[in-house]
Amino acid sequence: MKEKLFQEAFKKAERQSGKTTKNGVAVHLEKVFSVELNFPTSKITFSRYYEQFIEESTDQAMSPNTELLNNLARYLGFQNYEDFVTNILAHNNSSESIDSAKENDVMRFLKKHSWLIIIILLTIITVLVIMQLNKQRWMIWDGTHYIEVSFNLKKYDLGELKLYNKDRINNLKKIEADCQTEYKKLDGTPNVWYGKNQKKELEYFTSLGLHPETGKSLKPLSDHMFYKYVCSKDSISSNNN
5 MKEKLFQEAF KKAERQSGKT TKNGVAVHLE KVFSVELNFP TSKITFSRYY EQFIEESTDQ
65 AMSPNTELLN NLARYLGFQN YEDFVTNILA HNNSSESIDS AKENDVMRFL KKHSWLIIII
125 LLTIITVLVI MQLNKQRWMI WDGTHYIEVS FNLKKYDLGE LKLYNKDRIN NLKKIEADCQ
185 TEYKKLDGTP NVWYGKNQKK ELEYFTSLGL HPETGKSLKP LSDHMFYKYV CSKDSISSNN
245 N
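With the working numbering applied, the sequence shown corresponds to residues 5 to 245, in that order.
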């Protein structure tokens, strides 16, 4: 509390004198204490206390006597040091009480309007989610290929909508394979992939990926599968015609 007393006294001296330096404040207090308070105290003493309590220097820490403390309190408008301490503590307790009351008011408001707050928060979250969904690009399977669409649950089922994938849009197509289909590239790598639909029927695609209906991984069309299910089927169909 002594530190607080000196700090307040130095602040008042700065305001009264217009000086902000250690020496300027010390000279002003020396005059005031000598003339107005009839308690002569040298500017050197005030300078050392300035260093101790304002500049926080610990080189020459001093302990002020009771008379100096009482006159510093008088300078600030209090009867004595004890009166200063009492008023400061009362002010601090009052501030804490005000803060506590404000906190209680906030808690009562939150408790009273909890459902309203929950509804507002849910509304905000819903709006943010919808904004994000609209910002996100979407696509659906259109029977033989993917097409880009807007997020519209009135027009499309949620299960139909998939996150936009440029590679799927450009490369994944369903084709009708026959004996003329180039199911392998010149270097032997796959050029056609297959998978079963929900009816357990084989379907053929132009790119690696997931089956648009079942979500299962497509497999590369091997020689065995090609001649067993594609070319033989095509030959039988031609012979029947």
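By construction, the Cβ of each residue, glycine as well, lies at the ideal position given by its N, Cα and C atoms.
Buried or exposed: which applies to residue i, given that a residue is buried once 16 or more other Cβ atoms fall within 10 Å of its Cβ?
i: Glu207; result: buried
i: Met143; result: buried
i: Leu190; result: exposed
i: Ile102; result: Below a pLDDT of 50, predicted positions are generally treated as unreliable, and Ile102, at 38, falls in that range; the measurement from the model is reported next regardless. Ile102 should be labelled exposed.
i: His215; result: buried
i: Gln140; result: exposed
i: Trp197; result: buried
i: Phe10; result: buried
i: His32; result: buried
i: Ala17; result: buried
i: Ser104; result: The pLDDT assigned to Ser104 is 49, lower than 50, so where the model puts this residue is not dependable, and the model offers no usable value.
i: Gln136; result: exposed
i: Tyr53; result: buried
i: Tyr231; result: exposed
i: Leu125; result: exposed
i: Leu114; result: exposed
i: Leu157; result: exposed
i: Asp27; result: Looking at the sequence itself, residue 27 is Asn, so the reference to Asp does not match. Answer is exposed; the Cβ neighbour count stays below 16.
i: Gly199; result: buried
i: Thr45; result: buried
i: Val36; result: buried
Following the continuous alpha helix (DSSP H) through residue i, name the residue where it begins and the one where it ends.
i: Ile173; result: 170 to 175
i: Tyr150; result: Note, Tyr150: premise wrong, no alpha helix (DSSP H); beta strand (DSSP E) at 150 to 153.
i: Leu72; result: 70 to 79
i: Leu33; result: 26 to 39
i: Ser21; result: 6 to 21
Starting from residue i, follow its DSSP beta bridges and name the residues at the other end.
i: Glu207; result: Gly199
i: Ile144; result: Ile151
i: Pro224; result: Trp197
i: Lys178; result: Phe209
i: Leu167; result: Trp142
i: Leu214; result: Ser221
i: Lys188; result: Pro194
Could you check where the beta strand (DSSP E) with residue i kicks off and where it finishes?
i: Ile48; result: Unbroken run through Ile48 is the alpha helix (DSSP H), 47 to 57; no beta strand (DSSP E).
Taking the Cβ atom as the reference point for each residue, do residue i and residue j lie within a distance shorter than 8 Å?
i: Lys177; j: Phe209; result: yes
i: Leu222; j: Gly213; result: yes
i: Ala77; j: Tyr85; result: yes
i: Glu40; j: Phe50; result: no
i: Ala30; j: Lys15; result: no
i: Asn91; j: Phe82; result: yes
i: Asn201; j: Glu217; result: yes
i: Phe43; j: Glu71; result: yes
i: Glu152; j: Ile173; result: yes
i: Asn175; j: Ser118; result: no
i: Val234; j: Asp182; result: yes
i: Lys6; j: Leu73; result: yes
i: Pro194; j: Lys188; result: yes
Heavy atom of the ligand FAD less than 7 Å from the Cβ of residue i, yes or no?
i: Glu18; result: The ligand FAD is absent from the structure shown, which contains no ligands of any kind.
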